[in-house]
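In mature numbering (1 follows the signal peptide of the UniProt record, and there is no 0), the protein residues as written are -24 to -1, 1 to 305.
Glycine included, C-beta positions come from ideal geometry on N, C-alpha and C.
See below for the structure under consideration.
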């Protein structure tokens, strides 16, 4: 049988065109925890394991299969889910056909024979596969003028895979935060959350500056806020909103310590430190799952949390809201 290995992409990235015109906007403030699901147009190989064929050990990794390969067809028939892949493979085995997989690798297609171990009507391929990415992040804003949302503030990808495939489409759901694992220098913590079954939006883009899409419903406690231009952002006191327990929004006071005056979209324009002792007692700094948390200063939305400084987890980085609005176009 094929084994599904679900990869959870963690939502704070560890430190690693001049816009035509950006206008201030009136948006609905976010801060809510969201579950994110992105769907591959195919089935991604996430790893391999050893099987036995004709009493000989066999591992697909030694046969040229790579983590990050995207399976798009079985004997010429398109597949885009694990269930469809299994159905196609089972049919070809029953028909005693040689199974040829069409694989996308670095923007090229490769044909490879699929070998398998069969035992009592069950087949094993030696491949771990997944048909999408699932993770937890934070909503930044809803735009009632366009009915679009912006969240996360950085690209969502599976850093454990070698693939250069970027998934552009998917869905967002309500999310319930159950507990928090605090950060330690060298090891960022994380939110542990359940993804709900109610879809609240459809993703149409996933890029270096976040995920964007159409929302279905606004939060019940919606608050309208103006966005600030880059020139309006100042060093000094600010705060961001995020969820650390259940669905409850928490205010996290910060001090903005450094600003990059960028004239084109770029990450880490805002450097800040968490200053609130209560928040630090819960998280000990920036944790995975905070990405997208809206940063507010002087009553305006100025950006969102995107990165953690792995060597000093009290310190984080943010993306200017101008760049999110520009990418939302």
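Rounded straight-line distance, which links the Cα of residue j to that of residue i
i           : j           : result
residue -4  : residue 274 : Here residue -4 scores only 46 on pLDDT, less than 50, and its place in the model is too uncertain to base an answer on.
residue 104 : residue 24  : 6 Å
residue 393 : residue 144 : The structure shown does not extend to residue 393, since the chain is modelled only from -24 to 305, so the question has no answer here.
residue 13  : residue 111 : 7 Å
residue 152 : residue 166 : 14 Å
residue 208 : residue 35  : 57 Å
residue 255 : residue 174 : 29 Å
residue 236 : residue 247 : 9 Å
residue 4   : residue 199 : 5 Å
residue 121 : residue 113 : 23 Å
residue 219 : residue 82  : 38 Å
residue 109 : residue 134 : 7 Å
residue 194 : residue 257 : 31 Å
residue 305 : residue 272 : 22 Å
residue 154 : residue 172 : 12 Å
residue 87  : residue 184 : 31 Å
residue 222 : residue 22  : 31 Å
residue 217 : residue 252 : 13 Å
residue 131 : residue 72  : 43 Å
residue 181 : residue 38  : 36 Å
residue 357 : residue 245 : Residue 357 falls outside the range modelled here, since the chain spans only -24 to 305, and no answer is possible.
residue 266 : residue 60  : 35 Å
residue 77  : residue 157 : 41 Å
residue 289 : residue 31  : 51 Å
residue 67  : residue 33  : 25 Å
residue 119 : residue 197 : 15 Å
residue 139 : residue 286 : 24 Å
Opposing strand residues paired with residue i [DSSP bridges]
i           : result
residue 229 : 215
residue 248 : 232, 292
residue 99  : 94
residue 149 : 11, 175
residue 188 : 126, 181
residue 280 : 295
residue 237 : DSSP lists no partner for residue 237.
residue 163 : 160
residue 270 : 280
residue 21  : 105
residue 210 : Per DSSP, none; premise fails for residue 210.
residue 113 : 10
residue 84  : 81
residue 119 : 124
residue 3   : 201
residue 168 : 155
C-beta contact flag for residue i and residue j at 8 Å
i           : j           : result
residue 94  : residue 75  : no
residue 56  : residue 18  : yes
residue 203 : residue 1   : yes
residue 307 : residue 107 : The requested residue 307 is not part of the displayed model; the chain covers only -24 to 305.
residue 50  : residue 65  : yes
residue 99  : residue 69  : yes
residue 268 : residue 20  : no
residue 102 : residue 26  : yes
residue 277 : residue 201 : yes
residue 97  : residue 280 : no
residue 241 : residue 117 : no
residue 29  : residue 84  : no
Three-state secondary structure assigned by DSSP to residue i
i           : result
residue 65  : helix
residue 38  : helix
residue 183 : strand
residue 70  : helix
residue 305 : coil
residue 53  : strand
residue 59  : helix
residue 139 : coil
residue 198 : coil
residue 134 : coil
residue 262 : coil
residue -4  : Per-residue confidence for residue -4 stands at a pLDDT of 46, beneath the threshold of 50, marking its modelled position as unreliable; the derived number appears in the next sentence. Here residue -4 sits in coil by DSSP.
residue 253 : helix
residue 221 : strand
residue 75  : coil
Closer than 7 Å: residue i CB and nearest the ligand SAH heavy atom
i           : result
residue 289 : Because no ligand of any kind appears in the structure shown, any question about the ligand SAH cannot be addressed here.
The region 3 to 10 / the region 34 to 43 touching (three or more Cβ pairs under 8 Å): no
Segment contact, 8 Å Cβ cut-off, at least three pairs: the region 146 to 153 with the region 283 to 302: no
Contact between the region 222 to 236 and the region 111 to 127 (3+ Cβ pairs under 8 Å): no
The region 180 to 193 contacting the region 158 to 165, beta-carbon criterion three pairs below 8 Å: no
Contact the region 289 to 298 vs the region 252 to 262: 3+ CB pairs below 8 Å: yes
contact_flag[the region 230 to 237, the region 208 to 217] where n(CB pairs < 8 Å) is 3 or more: yes
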